[in-house]
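Undergrad: Sharing a structure, written as structure tokens. Questions coming.
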Amino acid sequence: MVVRIRLARHGIKIRNRPFYNIVVANAKTPRDGKHIEKVGLYDPIPNELGIKNVELNTDRIKYWLSVGAWPSDTVARLLSKAGIMPTLPKDVNKPKNKKSKLSVNPNNKMKDISSEQNS
13 MVVRIRLARH GIKIRNRPFY NIVVANAKTP RDGKHIEKVG LYDPIPNELG
63 IKNVELNTDR IKYWLSVGAW PSDTVARLLS KAGIMPTLPK DVNKPKNKKS
113 KLSVNPNNKM KDISSEQNS
């Protein structure tokens, strides 16, 4: 079972006032679905002083990281700011783009370069 540390959205959707629970969950469960354990809270909207609220249960997060749980990009950024994880490069968790940026038209015929060089 692949375990992820990720955000689960809560709050009032109508008023655009989200907050997120930081949870440990199976990677195949939905974002707001069943989770194994709640290990923190993140409020992305700053208060009057301009401070975003982040509450972390560091002991449990360190435990889950030690047994192989993989944090999402946002959670990894929050954990690195809190000093729990080292700062990671931006492209570590992102998969490589399998599609090339060049488009290939199957109707085009390729020229044989070797025959042109010999003549």
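Each residue of the sequence shown is one higher than the one before, starting from 13 at the first, in our numbering. The beta carbon of each residue, even a glycine, is placed where N, CA and C say it ideally should be. The structure presented is a predicted model; accordingly, all values stated were derived computationally and were not measured.
Is it buried or exposed, N120, if we count other Cβ atoms within 10 angstroms and call 16 or more buried?
TA: Note that N120 scores 47 on pLDDT, short of 50, meaning its location in the model is unreliable and no value can be drawn from it.
Undergrad: Would you report the Cα separation of M97 and I24, rounded to the nearest angstrom?
TA: Roughly 31 Å between the two C-alpha positions.
Undergrad: Could you check whether the segment 48-55 touches the segment 31-38, counting it as contact only if at least three pairs of C-beta atoms, one from each stretch, sit closer than 8 Å?
TA: Verdict: yes, contact present.
Undergrad: Can the beta-carbon of N59 be found less than 9 Å from the beta-carbon of I48?
TA: Their beta carbons are not under 9 Å apart, which means N59 does not touch I48 by this criterion.
Undergrad: Within the same chain, show all residues whose beta-carbon is closer than 7 Å to that of A20, passing over the 5 residues directly before and after it, in chain order.
TA: If we look at A20 and ignore the five residues flanking it on each side, its Cβ neighbours are Y32, N33, V35, R43, D44 and H47.
Undergrad: Comparing C-alpha positions only, which one of I63, G62, E67 and S92 sits nearest to L50?
TA: Checking the sequence shown, residue 50 turns out to be Lys, not Leu. Measuring from the Cα of K50, the nearest candidate turns out to be E67.
Undergrad: To the nearest whole angstrom, what separates the beta carbons of V15 and A81, a pair I think is in contact under 8 Å?
TA: Rounded, the Cβ-Cβ distance is 4 Å, consistent with contact.
Undergrad: At the level of alpha carbons, what is the spacing between N65 and T99?
TA: Rounded to whole angstroms, N65 to T99 spans 20 Å at the Cα level.
Undergrad: Grab me the residues of M13's own chain with a C-beta within less than 7 Å of its C-beta, minus the 5 sequence neighbours each way, in chain order.
TA: Result list for M13: N38, in chain order.
Undergrad: Is the beta carbon of R29 less than 9 Å from the beta carbon of T86?
TA: Cβ distance not < 9 Å, so R29 and T86 don't count as in contact.
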